[in-house]
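Down below is the structure, laid out as structure tokens.
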Amino acid sequence: MSDNRLQKELMGIYALWWREFIVFRREKSRIVSSIVQPLMWLFLFGSGVGASINISDINYRDYIYPGILTMSVLFGSVFFGLYIVWDRKLDVLKAVLVAPVSRLSIFMGKVLGGCTDVTLQILILFIFSFLFPSVNPWGIPLALLFLLITSIALVSLGLAIGSMLESLEGFQVVSTFVVFPLFFLSGALFPVDNKLPLWLQSLVKLNPLTYAVDGVRGALLNVSTFPFYIDFGVITFFAVIMFLLGSVLFSRMK
Amino acid sequence: MSIIEIKSLIKTFGKIQAVRDIDLNIEKGEIFGLLGPNGAGKTTTIGMLCTIICPTSGSAKLAGFDIVKNPAAVRRQVGIVFQDPTLDTVLTGHENLELHARLYGVPAKQREKRITEMLELVDLKGRSNDITRTYSGGMRRRLELARGLLHKPAVLFLDEPTLGLDPQTRARTWDYIKKMAQKEQTTVVLTTHYMEEAQLVCDRVGIIDQGKIMALDAPDNLKESMGGDLVVIRAKEPPLQKIQNLPYVKEVKLNDGAVEITLKDAHLHLPELLSIIPHVECVETRMPTLNDVFIKLTGHDIRKDSPEDSGSWVDSVARYRQRGK
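Quick mapping for you: the protein sequence lines, in order, are chains A and B. Take the first sequence: its letters are residues 10 to 263, numbered as in the working numbering. Take the second sequence: its letters are residues 23 to 347, numbered as in the working numbering.
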């Protein structure tokens with residue numbers, strides 16, 4: 010690939026990222042709801058359960074903070090990716106797909122755009138971390154790295170599913186059979202230990218998101234089930250696989 | 023010089039032959055119209071030339087680049103306005119053009135100047151910072167035209183550019199298309215099933231039906247090939263032989279009680295014609311249209327599938343004649 014060609018592809022990636030960023034800034038109500046929802050989990054659900062429960066000597070509300078951050082990444086990323094179903098329905102993508110830019114670049118632009126949206130949401134949620142006394146602020150950069158890799162994986166997953174879906178009706182199905190199981194089986198709301206029934210333990214351990222939650226929890230609360238290198242390895246591997254899968258399915262999309 | 027050279031282009035979808043063996047050269051700088059009913063293969067042909075659809079067999083070159091072997095080069099040379107609107111309705115008009123300029127690698131230095139130029143050309147400068155969701159149908163189409171020409175393509179493809187617009191907006195859109203093609207010196211290839219509109223805009227038209235090109239010429243030449251104007255007369259006892267013997271009359275037909283006379287220059291000869299026919303009840307004259315050419319070539323009306331266009335008496339005559347066959 011010549012320099013000129015590479016430069017044009019990079020410009021294409023940037024163009025799509027730029028578009029997503031403008032859309033993100035413009036849809037303020039979406040930003041607000043993406044912040045308010047996790048805060049409700051933390052303060053309404055977390056404080057309620059936390060009134061009578063501590064886990065590993067940490068108040069329950071603080072304990073689920075890493076899990077709720079991961080949940081935000083999960084919902085934000087997958088639904089961002091799925092949104093291309095809507096783009097296709099409105100033919101917004103059609104003009105982009107005929108441009109002299111490779112599908113891979115378009116995919117990468119979309120992934121970058123989605124990760125940027127999600128990262129900005131997460132940064133806002135980090136501002137509230139001072140309300141959670143057990144959270145170690147020095148762990149935030151490492152937690153952010155975990156969440157960023159998770160976001161790459163999940164935006165890719167969303168785009169992969171979105172490339173195959175024909176209609177918007179699929180949204181609900183994906184939400185019920187992909188997003189919620191990933192969330193409930195990630196240990197976001199409970200510790201992954203031997204007290205869990207065996208069937209649940211197995212399912213949780215098969216879920217790649219479990220390792221994201223565990224990694225973030227390790228960074229922020231210094232409590233984790235698995236060693237750091239396992240968490241990091243699994244989530245990075247998951248991201249690579251999802252990125253490859255997503256780019257292939259996106260390239261084949263009609 | 024031909025900017026597009028199509029050789030034996032074929033596209034089949036399963037058992038359906040959408041495009042059957044098309045040979046066609048399109049010259050640099052012309053406005054070329056591909057006319058035909060829905061499903062004739064117009065959009066498929068354009069799709070292949072824009073490298074969106076891969077041909078089953080045959081080849082085509084656009085600005086010297088092969089559409090199969092070098093699709094990336096072809097894409098840089100073409101601008102496309104799709105049948106359905108494809109604007110990003112979350113972005114402003116200006117942002118839509120900016121996105122497009124980046125995707126097509128328009129250098130940063132020229133970008134802003136070029137965007138302003140195009141916005142002025144389609145008279146959208148004043149609305150360029152509004153979200154395109156708030157634009158009217160005509161404005162959206164104009165912005166799409168501006169977008170299609172932004173990167174200075176060698177060929178601009180317009181797939182049914184006036185579909186879904188009201189008649190007034192349609193006329194204005196054609197004015198813009200003509201003005202822009204001239205100013206930018208771009209070759210324009212368009213599809214439409216509005217025959218009357220095509221004959222006003224196109225330098226040449228290809229009539230396409232069931233995946234084949236049936237005729238290829240300037241609109242005036244095609245109309246001339248019909249043999250002249252048509253006069254339809256209802257009279258009690260029309261002297262058919264006497265009419266036939268007039269030097270300028272080419273053909274006389276009796277159709278459901280009406281006499282259909284094909285002749286040259288109806289406006290000059292109508293008085294004499296009427297003077298030899300006793301008891302004339304009513305007279306209609308009409309110039310041949312591309313739609314008539316189409317009916318003659320294919321045996322059916324181009325608009326049989328689009329009831330939205332019915333209403334004018336020209337259409338009803340056409341349909342009436344078709345039924346008579």
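Glycine residues also receive a C-beta, built at the ideal position from the N, C-alpha and C atoms.
| Asked | Found |
| --- | --- |
| Counting only the same chain and skipping the five closest in sequence on each side, list residues whose C-beta sits under 7 angstroms from that of B:L187. | G159, G160, R163, T195 |
| Enumerate, from N- to C-terminal direction, the unbroken beta strand (DSSP E) stretches of 3 or more residues contained entirely within the region 48-131 of chain B. | 53-57, 79-84, 100-103 |
| By how many angstroms is the C-alpha of A:V82 removed from the C-alpha of A:G227? | 17 angstroms |
| Could you please give the first and the last residue of the uninterrupted beta strand (DSSP E) stretch that includes A:D96? | It is not in any beta strand (DSSP E) - A:D96 instead sits in the alpha helix (DSSP H) that spans 93-98. |
| Is there at least one Cβ from chain B nearer than 9 angstroms to A:Q16's Cβ? | yes |
| Could you tell me the boundaries of the alpha helix (DSSP H) in which A:I62 lies? | Careful: A:I62 lies outside any alpha helix (DSSP H) and carries neither H nor E. |
| Which value, in whole angstroms, describes the spacing of the CA atoms of B:T191 and B:T311? | 22 angstroms |
| From B:R98, B:I230, B:L171, pick the residue whose C-alpha is nearest to that of B:V87; which is it? | In the sequence on display, residue 87 of chain B carries Phe and not Val. The candidate whose alpha carbon is nearest that of B:F87 is B:R98. |
| Does DSSP classify A:S86 as helix, strand or coil? | helix |
| Do B:Y270 and B:L285 have their C-beta atoms closer together than 9 angstroms? | yes |
| Apply the 10 Å Cβ neighbour rule to B:R136 and answer buried if 16 or more other Cβ atoms are within range, or exposed otherwise. | buried |
| Count the CB pairs spanning the region 160-172 of chain A and the region 112-129 of chain A that are closer than 8 angstroms, and state whether there are at least three. | yes |
| Got a sec: which bits of the region 19-34 of chain A sit with their beta carbon under 9 angstroms from any beta carbon on chain B, in order along the chain? | M20, G21, Y23, A24, L25, W27, R28, I31, V32 |
| Can you tell me whether B:Q263 is helix, strand or coil according to DSSP? | helix |
| So with CB distances below 8 angstroms, who are the chain C contacts of A:V120? | Chain labels in this structure do not include chain C; the protein chains are A and B. |
| Helix or strand or just coil, what does DSSP make of A:D240? | helix |
| Measuring CB to CB, does B:H215 end up less than 9 angstroms from B:A257? | no |
| Reducing DSSP to helix, strand and coil, say where B:M236 ends up. | strand |
| Just to confirm, is the Cβ distance from B:I235 to B:L46 under 9 angstroms? | yes |
| At a cut-off of 8 angstroms, would you count B:L295 as near the ligand GDP, judging by its Cβ distance to the nearest heavy atom? | For the structure depicted, the ligand GDP is absent and the ligand set is empty, with no information on it obtainable. |
| For B:K147, which residues in the same chain have their Cβ closer than 6 angstroms to its Cβ, ignoring the five residues on either side in sequence? | L141 |
| How long is the line joining the alpha carbons of A:L209 and A:R28, rounded to whole angstroms? | 41 angstroms |
| Looking only at its own chain, which residues have a Cβ that is under 7 angstroms from the Cβ of B:I48, when we skip the five neighbours before and after it? | S24, I25, I26, F54, T209, V211 |
| Between the region 238-253 of chain B and the region 62-77 of chain B, can you find at least three pairs of beta-carbon atoms closer than 8 angstroms? | no |
| To which residues of the same chain is B:K272 closer than 8 angstroms at the C-beta, ignoring the five residues directly before and after it? | G249, G250, T284, L285, K286 |
| Taking B:H173 as the reference, which of A:P109, A:L254, A:D223 has the closest Cα? | A:P109 |
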